[in-house]
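A short write-up of the structure that comes next.
Residue numbers (my numbering): 66 to 1185.
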């Protein structure tokens, strides 16, 4: 019997064993049918419980939870319909479904009619479910909203933490922390934000008192473990051979030279931490700076030219080392080891930083409470708090769940984090072998790829070896792959076995390769194809990327022609690797529809860029870039010549002010004048109503008036615009809108994929997890991703396994503080550097697993595309630390036989030859349905003659600001607005005016005018009567009149003595002693406007009185 046949038999046996009522941990490779196995297990458990709620299944994504629920329900429905499948494995599911239905009928469950009784959670939804059941223990009280992005809340908490510098109780902690980072408060704020985002990874460490001696001993233990490993390769035989040559070299070098430490070397190097300098001296002698065995020696290494015999002996010794396997790699590790200091002083800063982090967490909790929303980390933390008290004893909820939960199933267990293991331990606390309760976990450690979410594949190994809490798990191994063709599976097995580590290692996050067996029949043209791209010395990386994109397009076209209904996936590690392909498809191959899943940023879509520019321009009149973009957008469409005529000769004035200069506007082309005046009129109207409605509604209204909806030429444009305004709506609802915050939030959104491109999908490898495709293309293999850990945490913590061979694992803690740039010694390795190097090693192990996940998505064909570099000698090699570097032993022969070639750059792709194409509406106009009579701003001159002015000036801004405060006073009541309070908001008024593009001195004077208007109003008898609390202050109404949409904003309306009052505020400058006749004359200018307002209330059946309130003199004038 072959090994493959034996493994298949073991697979079949283990699948049946997995249905026993015992706790298991199941290793299932890619394509093994984990979901089907979980479904069968769930159906089996349904036959044993009193209620379906006694079974809880946990997955890690909403998609996986929905799929499992659907699979279970579909199985039950098929069984109820007596629809017996033909496939053997589905027959097992069918039989289990029949028995589950029978048991359910005896208990009157009615699962098909009540699928909500199936308790299938994501880990986040389970935590929220637990926290809701114990609001007091979880400290939530009423359930808060859960936000996917709490970056703004983290930032606010960090700022409040640093503000404790003024607090007498905590200022010393903040002061010491600031001093440590050279008083760079912004850097410390950013460090705190990053730490708060991942506080579940370190909070349990920071809450304990720092033991400096224990930290130092842990570091010493790790260094000595590393030296022990080096000594196994650099053994005593090699050391004794080197000793006389090392003493000779050291004797010919000055005392300060690192190698000089070897002058008296006569015994094997000890492996205690204090001997590290000696090991480093040996490394300096034997290896080059790039950690390769020296090819030659000279006087700089202690071998003068005249000492030919000694040089020959040393060269012979070095030549012998090349046969010692990984000697150079092993000895090079000594360079990454830190020196262990003899004193404890360096560890004290961790105490300070831990206290600071605890303060930040406390401030974050207060921020959460004020905002009424939390993140998922807080939900998980509060869920564990709801299950145990401060003394670790189970709470009432835990005891209740202990009674209710009989079985737990956990999918994708390889992606579990420490906090999630803690939750499982609490949920199973008190479970005993043989009591009928079971824990069932399934996963593939070779697919553990979420280290950035603190998923730790070592936890899978630990659970398999030692169980979870008091639950021992029986290990089951599956071998079948039901997804991929044999040719693909065989290549993956052969290629990845040497790429993965040789053995499992918990602390290194290392998993050895587990081969699997294809059970699917072979298919035509199935297999793996390598597409080599060799970049010549003088070829740019951009040109090589273009060639890579051309290769991918050729593959796509070939596969679509051969199998038009098969799915193709292009998978990448980093989104940037898709940019050249997407650009070429958009420009040259519009007939190829594709779906880019969270690849194309929403802010990259032109229609959204135009909306961003419109919003920025409306909120900042001095922003020339956005104003020019607004005028270039399709709703206006000025030519470059007209834009230059408008703004090219005056670089200091705002574009908005230049638009008011008729002399400049007359210098534009006739078409340009028409377009600019149309936009100017609409923007003027917009400024006149600014602040009287929420931002989203205001911007949407301006965009509609500009006929922006006519600029949506593609279906995807409509969806993108909806996404933009949904984002604005959300910011409005949370009262968090600002142009800067809007820009930040939009960058997090992605354009909607093309609904017609389902047969060609592009996504990151992480997004492809759990999916499968007929053909998979892996581009960008030769490109680096830039790493996943660019942000350095404020403190690094690591739990170190100190007795790996003990039945119960014991851990010791190691921590290291962030080293500020100015304090970093490049010649020394700090504890922080060492922990970072350990993280890098784990990242490298995960890189192999990510590549494995990508390869195992392919059913029939796998295409590998990557760029290798050719040097001046004609040698071809991949860029280091790339996927192509990992695959190089398997693909190097294909690359070495390929000829480098270059692709001529398309003129269209050359930015030097790029000419922006003007896309615009043929005739700018307000949409017919929105054509309304524009309100006319009237400014009274000395002769009180009303003058129409569509251009909002400083006077208009003063009026808008005064209107806004009048509305606030009417809402909050006269008692809340004393003269002192009005004086206190002057700086806010000034800031608002400054944002509108007014100079600082002008804004200061204008804010004083607004203050004066408000004070006169509040001091006047008419003003006090007017602002008495009577309900709504301002009323915005949209109505259809004579077939046209009309918008009205009534400043003040209320019912007094059964009479409807309609009052309009005016801020024009009037003399206090103005005769009553002159006031009446001035009021007539607004008579038509107020009559229109009165018609809005005609159906109310009450008498109507209209009046104008002149704020400058505090007088209310009734209309006849």
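Just so you know, even glycine gets a beta-carbon here, dropped at the ideal spot from N, CA and C.
Just so it is clear, the structure is predicted and the values come from calculations on it, not from any experiment.
- For residue 833, DSSP records no beta bridge to any residue.
- 284 is the residue among 111, 1139, 255, 284 whose C-alpha sits nearest the C-alpha of residue 894.
- Nearest to residue 913 by C-alpha distance, out of 513, 148, 936, is 513.
- For residue 597, the enclosing beta strand (DSSP E) covers residues 592-600.
- C-alpha of residue 430 to C-alpha of residue 211: approximately 13 angstroms in a straight line.
- Counted as a single uninterrupted DSSP element, the alpha helix (DSSP H) harbouring residue 245 occupies residues 236-245.
- Under the DSSP assignment, residue 955 falls outside any beta strand (DSSP E), being part of the alpha helix (DSSP H) whose first and last residues are 948-961.
- Counting only unbroken stretches of 3 or more residues, the beta strand (DSSP E) elements lying wholly within the stretch 623-665 are 633-637, in sequence order.
- Put simply, the stretch 667-685 touches the stretch 774-791. At least three CB pairs are less than 8 angstroms apart.
- Note on geometry: alpha-carbon atoms of residue 88 and residue 422 lie some 39 angstroms from one another.
- Excluding residues up to 5 positions away in sequence, 409, 412, 413 lie with their Cβ nearer than 7 angstroms to the Cβ of residue 277 in the same chain.
- For residue 90, the uninterrupted beta strand (DSSP E) segment begins and ends at 89-92.
- With distances taken between CA atoms, residue 404 lies nearest to 286 out of 434, 286, 1030, 155.
- For residue 680, the enclosing alpha helix (DSSP H) has its first and last residue at 671-684.
- Residue pairing of residue 431 in beta bridges, as defined by DSSP: absent, with no partner found.
- Residue 397: member of the alpha helix (DSSP H) spanning 392-397, first to last residue.
- Within the stretch 743-808, the complete alpha helix (DSSP H) runs of at least 4 residues fall at 760-770, 780-798.
- Per DSSP, residue 172 is not a residue of any beta strand (DSSP E); the alpha helix (DSSP H) it occupies stretches across 153-172.
- Measuring C-alpha to C-alpha distances from residue 772 to each of 128, 675, 830 identifies 675 as the nearest.
- Positions of the beta strand (DSSP E) runs, each at least 3 residues long and wholly inside the stretch 272-350, cannot be given because no such run exists.
- The shortest C-alpha to C-alpha distance from residue 908 to any of 576, 399, 426 is the one to 576.
- By the 16-neighbour rule on beta-carbons within 10 angstroms, residue 640 is buried.
- In the three-state reduction of the DSSP assignment, residue 572 falls in the coil class, being assigned neither a helical nor a strand state.
- If you check the CB distance, residue 1181 and residue 1152 do not come in under 7 angstroms.
- Secondary structure of residue 1171 (DSSP, three-state): strand.
- Burial check for residue 517: the Cβ neighbour count within 10 Å stays below 16, so the residue is exposed.
- Between the stretch 754-761 and the stretch 714-722, the count of Cβ pairs shorter than 8 angstroms is below three; the stretches do not touch.
- A contact between stretches requires three or more CB pairs, one per stretch, nearer than 8 angstroms, and the stretch 580-596 meets this requirement with the stretch 546-557.
- Where residue 1074 is concerned, the enclosing alpha helix (DSSP H) starts and stops at 1065-1084.
- About 51 angstroms separates the CB atoms of residue 930 and residue 724; that is not less than 8 angstroms, and the two are not in contact.
- Separation of residue 988 and residue 699 (C-alpha to C-alpha, rounded to the nearest whole angstrom) is 10 angstroms.
- Listed in chain order, the non-local C-beta contacts of residue 708 below 7 angstroms within the same chain comprise 693, 696, 697, local neighbours out to five positions each way being set aside.
- Under DSSP, residue 121 takes part in a beta bridge, and its partners are 184, 473.
- In this structure the stretch 586-605 does not touch the stretch 490-509; the number of beta carbon pairs closer than 8 angstroms is below three.
- Under the three-pair Cβ rule at 8 angstroms, the stretch 855-865 does not count as touching the stretch 832-843.
- Sequence-distant partners of residue 118 (beyond 5 residues in either direction) whose C-beta falls short of 7 angstroms from its own C-beta, in its chain, are 182, 184, 469.
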